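Residue numbers (the working numbering): 208 to 330. Glycine residues also receive a C-beta, built at the ideal position from the N, C-alpha and C atoms. Note that the structure is predicted; figures quoted are calculated from it, not measured. Read through the structure below, which is laid out as structure tokens, and then see the notes.
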């Protein structure tokens with residue numbers, strides 16, 4: 208039990224240090240219309256603004272407006288976690304978003320603020 212608490216505390220400290228605010232998802236339909244199975248990026252915090260959605264691995268998400276301007280993201284994947292990266296082709300900083308979890312507000316200091324550059328499913 209103490210090990211779980213320690214691991215959870217370390218994860219929280221890491222998330223705060225990287226400017227991420229995360230949480231488990233509400234019902235999928237509550238997260239601004241993110242389609243089942245998708246990774247959704249939003250151009251504003253709390254899942255507002257323009258939404259973009261992808262369903263597969265991508266080496267260059269910066270070509271899509273919502274990912275190039277992301278301030279929140281939701282993994283509505285049905286089977287897999289997804290890892291997002293701040294660099295193209297799975298480079299730069301990376302963080303795994305569990306199925307049905309999200310980051311509701313990237314801090315301006317976060318490497319993912321306005322910059323989800325690539326993603327990989329089932330990691």
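From residue 303 to residue 327, what distance separates their C-alpha atoms?
-> Mapped onto the chain shown, residue 303 falls at position 96. Mapped onto the chain shown, residue 327 falls at position 120. In a straight line, the C-alpha of residue 303 is about 9 Å away from that of residue 327.
Which residues bound the beta strand (DSSP E) around residue 274?
-> Here residue 274 refers to the residue found at position 67 of the chain shown. Secondary structure note for residue 274: it is in no beta strand (DSSP E), and the uninterrupted alpha helix (DSSP H) holding it is 272 to 275.
Thinking C-beta only, is residue 309 closer than 8 Å to residue 278?
-> As a first step, residue 278 is located in the chain shown; it is residue number 71 there, counting from the start. As a first step, residue 309 is located in the chain shown; it is residue number 102 there, counting from the start. Residue 309 is positioned such that its CB atom lies no closer than 8 Å to that of residue 278.
Beta-carbon contacts of residue 285 that lie in its chain and below 8 Å, excluding the five residues immediately before and after | Here residue 285 corresponds to residue number 78 of the chain shown, with the count starting at 1. Cβ within range, chain order: 243, 244, 306.
Give a single yes or no on whether residue 245 has its beta carbon closer than 7 Å to a heavy atom of the ligand FMN.
-> The model depicted lacks the ligand FMN and carries no ligand whatsoever.
Ignore the nearest five residues each way along the sequence and tell me which others in residue 247's own chain have a CB closer than 6 Å to its CB.
-> Locating residue 247 in the chain shown gives position 40, counting from the first residue. Excluding residues up to 5 positions away in sequence, 241, 258, 260, 281 lie with their Cβ nearer than 6 Å to the Cβ of residue 247 in the same chain.
Express the C-alpha separation of residue 329 and residue 264 in angstroms, rounding to a whole number.
-> Counted from its first residue, the chain shown places residue 264 at position 57. Counted from its first residue, the chain shown places residue 329 at position 122. Looking at the two C-alpha atoms, the distance is approximately 9 Å.
Three-state secondary structure (DSSP) at residue 281?
-> For the purposes of this step, residue 281 is identified with residue 74 of the chain shown, where counting begins at 1. Here residue 281 sits in strand by DSSP.
Determine the DSSP secondary structure at residue 319, reduced to helix, strand or coil.
-> By 1-based counting over the chain shown, the position of residue 319 is 112. Here DSSP, grouped into helix, strand and coil, assigns residue 319 to coil.
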